[in-house]
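*Asks:* Input: one structure, supplied below.
Residue numbers (our numbering): 2 to 198.
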């Protein structure tokens, strides 16, 4: 049968059971974002479920296929939208400053633009800039991840371990309309909060 659901409140319990989720093992088959999309399941219920899962050696489903050193939440669904997955992979590779992952998603003539600040041409220049400004990230929240044709956009917020925060909006242009096209250009807008001094 499995381990019973913890007390997460009547609305959340009813919502989970209506989806066929009646045990912690059932919960472990889902990622946080999917569960939060169920009407009646809120952040408090997710926190309780996460603690109960940990107590029983379980965890939410990892939709990314690998563990990250920071929490990644929000609009992570890329089911039938390969370019949304590529943009998400770009964000993760940039946060990790992982050159191999960047090579997998960026075109050879990649350009990164930050209007009013700079324009970098080429993967090496982009990688060097990321390396110079690498920070310890605690959490990234993706508010929206949208693609259409050969363009896409993503915006959200990033919380550093030192308490500082930044908000970002990235606009992507791909090499072509093909589903596995690489990213040709990213235009980024960033607002930084320096945290407590």
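Idealized CB from N, CA, C, for every residue including glycine.
A quick note: this is a predicted structure, and the numbers were derived from the prediction, not measured.
1. Compare the Cα-Cα distances from residue 30 to each of 61, 127, 82, 19 and report the closest residue.
2. By how many angstroms is the C-alpha of residue 48 removed from the C-alpha of residue 6?
3. With residue 91 as the anchor, note down where its alpha helix (DSSP H) starts and where it stops.
4. Please confirm if residue 187 has its CB atom under 8 Å from at least one CB of chain B.
5. So, for residue 173: in the same chain, excluding its five sequence neighbours on each side, which residues have a beta-carbon less than 6 Å away from its beta-carbon?
6. Under a three-way DSSP split, which group does residue 175 fall into?
7. Rounded to whole angstroms, what's the CA-CA distance from residue 150 to residue 58? Just pull it up for me.
8. On the DSSP bridge assignment, give the partners of residue 153 in chain order.
9. For the putative contact between residue 131 and residue 106, defined by C-beta atoms under 8 Å, what is the C-beta separation to the nearest angstrom?
*Replies:* In terms of the structure at hand:
1. Residue numbering aside, residue 30 sits at position 29 when the chain shown is read from its first letter. When C-alpha distances from residue 30 are compared across 61, 127, 82, 19, the shortest belongs to 61.
2. Locating residue 6 in the chain shown gives position 5, counting from the first residue. Locating residue 48 in the chain shown gives position 47, counting from the first residue. In a straight line, the C-alpha of residue 6 is about 13 Å away from that of residue 48.
3. Within the chain shown, residue 91 is the residue found at index 90, counting from 1. Run containing residue 91: 83-97, per the alpha helix (DSSP H) assignment.
4. Although the question refers to chain B, the structure presented lacks it and comprises just one protein chain.
5. For the purposes of this step, residue 173 is taken as the residue at position 172 of the chain shown. A distance below 6 Å between beta-carbons, with the five flanking residues on each side excluded, links residue 173 to the following residues of its chain, in chain order: 88, 153, 184, 187.
6. Along the chain shown, read from residue 1 onward, the residue named residue 175 stands at position 174. Of the three classes helix, strand and coil, the one that applies to residue 175 here is strand, per DSSP.
7. Residue 150 sits at position 149 when you count from the first residue of the chain shown. Residue 58 sits at position 57 when you count from the first residue of the chain shown. In this structure, the CA atom of residue 150 is about 42 Å from the CA atom of residue 58.
8. Locating residue 153 in the chain shown gives position 152, counting from the first residue. According to DSSP, residue 153 bridges with 148, 173.
9. As a first step, residue 131 must be located in the chain shown, where it is residue number 130. As a first step, residue 106 must be located in the chain shown, where it is residue number 105. In fact, because the Cβ distance is near 14 Å, the residues do not count as touching under 8 Å.
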